[in-house]
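In this note's numbering, the protein residues as written are 16 to 112. Every residue gets a Cβ at the ideal spot worked out from N, C-alpha and C, and that includes glycine.
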Amino acid sequence: MTSPTEKKPYFIVAGNYTEYIKYVNQHCMEYDLSTTQVIFLDYVSMLKGAKKILDPDGIFIGSWKERTDIKDIVLELFALTLDPKKCDILTKVYNSI
């Protein structure tokens, strides 16, 4: 859980940084950047041991399925997720790769 002064992370799982930048430029007005930190999930290690990030929010975009670490990323997201609906989505994502 984040404190009132911390920004809630919103993870964007993209195939590469170019896809991330394109998505952020097209959708930046959808996020309240005073309370949300939009993050390119570059490496699975960004999530490992991130126990304070419970129930993460985010989106899969572009060529995310082509990432060599995608299964590890989905498993780490699943381990941090509390919401049963999000868990169902992550299970479907995992089963699709």
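Leaving out five residues on either side along the sequence, give the residues of the same chain with a beta carbon under 7 Å from the beta carbon of residue i.
i: K102; result: For the sequence presented, residue 102 should be read as Cys rather than Lys. F93 and T96, listed in sequence order.
i: Y32; result: F55
i: A29; result: Y35, Y38, F55, I76, G77 and W79
Pull up the distance between the alpha-carbon of residue i and that of residue j, whole angstroms please.
i: K100; j: D72; result: 12 Å
i: T83; j: S60; result: 14 Å
i: K23; j: Q52; result: 6 Å
i: T50; j: E21; result: 7 Å
i: N110; j: G77; result: 18 Å
i: M44; j: K86; result: 30 Å
i: K67; j: Y25; result: 14 Å
With 16 other CB atoms within 10 Å as the buried threshold, where does residue i fall?
i: L62; result: buried
i: Y46; result: exposed
Cβ atoms of residue j and residue i: under 8 Å apart, would you say?
i: K80; j: I112; result: yes
Enumerate in chain order the residues of its own chain whose CB-to-CB distance from residue i is below 8 Å, with the five nearest sequence positions on each side excluded.
i: I27; result: Y35, Y38, V39, V53, I54, F55, L56, G73, I74 and I76
Closer than 8 Å is the cut-off here; do at least three beta carbon pairs connect the stretch 38–53 with the stretch 82–92? no
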